[in-house]
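Below you'll find the structure, written out as structure tokens, and then a few comments.
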Amino acid sequence: MPDTQFQAQVASAALNGPVSLRIGEDGLDVDSLFQPVFIAFADIVEIAHSDYVVIVTTGDDRFTFSGLGSGCDGFHLDLLAGFNAKVRLALFAAGKPGFQAEGDFRFREGGAEVVQGHGLVEVYDDCVLLLPPNDQARRVPLVFATDMKTEPFGAAIQIDGGDWYEVTRLGRDADAFVATVQAKLVGLRQKSVEAVRALDATLSAQQLAAIAAKMPPGVAVPQGELAGVAPSYVAALEKRIADSRAADPYTAFKTVCDPSRICMGLKDGLAGSTDPGVIWLIAPSSAKPVAGVEWAVAEGEAAATFFYNIVGDEAGFIRQLNRAVEAVEFHREVVSLPEDELSRPSNSAYAMAVRRTPALRFMRDNLAGRVVHSSPDAWATGMQALMVG
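Structure, rendered in structure tokens:
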């Protein structure tokens, strides 16, 4: 981030008059002689620019910066660059993008109203980022992609459950966008096949392809679906569970759940864990609409089971949970942080992720409880209370 200071006039509810402006990693310092203000990127709703004026709208104020003179365009571009850098961090975009261009976009999630915008479009190894100058940025997870249709000067990506994201007006960059997304999809597919083969080398080519399609790395899938393709693969997963800290919880879950409905996932490099390959489970109760979620982290690491109310159909709930944890790269604390902690400056990236990820909001809204693995008996009592009642 360039360390550039700009001089301007500001008009807002909080502050009016001449100010110095400096853009940092977390927001904009608005310095006046007697009443400095800090505008956190996490609080910004929109950044607009017209007629030598930059307008920054937050949740509770509107700051109009004028008098920037020839520095107006530079300030606007630097502010957008800082804002987008923070959004990328919040949306867990790793590495450098394989594609970047400006374009228009539209998307529809969960049957809600179509959202439209304009901004940067970037392609990473596992996602497409839509980066408008407001709080409507999106991480489009390629691991859940089910279809892609090319269009004049763009393409539309559909993910499981029916959500879709359309990028248009890319001009001469459209072919590069499509080619880059296709290459990333092929790479994810190959990674999935390799992960499945590493766990069960006995699978036929047909079984391998089917399991890899159902269970990309990190995605939890009902045991019954996996067993319908390859019982040996389920046996291999259960062996991994038996050798992990999830062994006892898995056994306990099977006493209150239909084992065929227990979802199994395998994540390499789980956030906060030293174990290179971590099993995680989603266990829907047979007694009430509640599911337990277990992460088989390494010995010596803090561990707890999270419980969620199942709202709507079970398949849709599992889909939302998979999307939520993928969106934050399995940083489990984001799903359970209380609102007062989420609003702390140290958690600003998490707050931005929640605002821009419907599945994450859904899971936070439906958190039913958390049981720490303090002792086997205490955990079993807490689990029974939440899953059976």
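To convert, take the position in the sequence shown, counting from 1, and add 2; that gives the working numbering. The beta carbon of each residue, even a glycine, is placed where N, CA and C say it ideally should be. Just so we're clear, the structure is a prediction, and the values are computed from it rather than from any experiment.
Extent of the continuous beta strand (DSSP E) to which residue i belongs
i: Asp1; result: Residue 1 is absent from the structure shown; the chain starts at 3 and stops at 391.
i: Phe43; result: Here Phe43 belongs to no beta strand (DSSP E), and DSSP marks it neither H nor E.
i: Gly138; result: Looking at the sequence provided, one finds Gln at residue 138 rather than Gly. First-last for Gln138: undefined, no H or E at that position.
i: Ala248; result: That residue, Ala248, is in no beta strand (DSSP E); it is neither H nor E in DSSP.
i: Phe67; result: 64 to 68
i: Ser2; result: Any question about residue 2 goes unanswered here, given that the chain covers just 3 to 391.
i: Asp165; result: That residue, Asp165, is in no beta strand (DSSP E); it is neither H nor E in DSSP.
i: Ala197; result: That residue, Ala197, is in no beta strand (DSSP E); its alpha helix (DSSP H) goes 176 to 201.
i: Val125; result: 117 to 125
Own chain residues within Cβ distance below 6 Å of residue i, not counting five before or after
i: Tyr126; result: Ala95, Pro99
i: Asp202; result: Ser234, Tyr235, Ala238
i: Gly156; result: Val169, Thr170, Leu172, Ala176
i: Asp137; result: Val47, Arg357
i: Pro224; result: Arg263, Cys265
i: Arg174; result: none
i: Gly73; result: Phe8
Residue interval of the alpha helix (DSSP H) (run including residue i)
i: Ala92; result: 74 to 92
i: Arg366; result: 360 to 367
i: Lys216; result: 207 to 216
Close beta carbons around residue i, own chain, < 8 Å, minus the five adjacent residues each side
i: Val292; result: Pro286, Phe309, Tyr310, Asn311, Ile312, Ala370, Leu388, Met389
i: Ala305; result: Arg247, Trp297, Val299, Val374, His375
i: Ala289; result: Val258, Met389, Val390, Gly391
i: Gly97; result: Tyr126, Asp127
CB contact below 8 Å: residue i versus chain D
i: Ala289; result: Protein chain content of the structure displayed is limited to a single chain, and chain D is not contained in it.
Nearest candidate by alpha-carbon position, reference residue i, set the options
i: Val198; options: Ala306, Thr6, Asp270, Ser246; result: Asp270
i: Gly71; options: Asp80, Tyr54, Leu82; result: Tyr54
i: Asp250; options: Asp379, Gly230, Arg24, Phe36; result: Asp379
i: Ser350; options: Ala114, Ala42, Gly26; result: Ala42
i: Ala83; options: Glu115, Pro135, Phe107, Leu210; result: Pro135
i: Asn18; options: Gly314, Gly69, Gln184; result: Gly69
i: Val280; options: Met266, Ile159, Gln386, Phe77; result: Met266
i: Lys241; options: Val231, Lys290, Leu268; result: Leu268
i: Arg366; options: Ala50, Pro340, Ala212; result: Pro340
i: Thr148; options: Gln184, Ile159, Val116, Ala44; result: Ile159
i: His78; options: His120, Gly318, Gly314, Ile57; result: Ile57
i: Lys216; options: Glu227, Leu344, Ala114; result: Glu227
i: Gly164; options: Gly112, Ser34, Val188; result: Gly112
i: Asp63; options: Gly29, Gln37, Ala16; result: Ala16
Exposure label - residue i; buried when at least 16 CB within 10 Å
i: Thr257; result: exposed
i: Phe85; result: buried
i: Phe40; result: exposed
i: Lys186; result: buried
i: Gln1; result: The chain is shown from 3 up to 391; residue 1 falls before or after that span and cannot be answered.
i: Gly230; result: exposed
i: Thr6; result: exposed
i: Thr204; result: exposed
i: Gly61; result: exposed
Contact belief for residue i with residue j at Cβ below 8 Å, rounded distance in angstroms
i: Ser14; j: Thr66; result: 7 Å
i: Phe146; j: Ile161; result: 4 Å
i: Phe109; j: Val123; result: Actually they do not touch by this definition, with Cβ atoms about 12 Å apart.
i: Leu362; j: Ala326; result: 5 Å
Beta-carbon contacts of residue i that lie in its chain and below 7 Å, excluding the five residues immediately before and after
i: Val1; result: The structure shown does not extend to residue 1, since the chain is modelled only from 3 through 391, so no value can be given for it.
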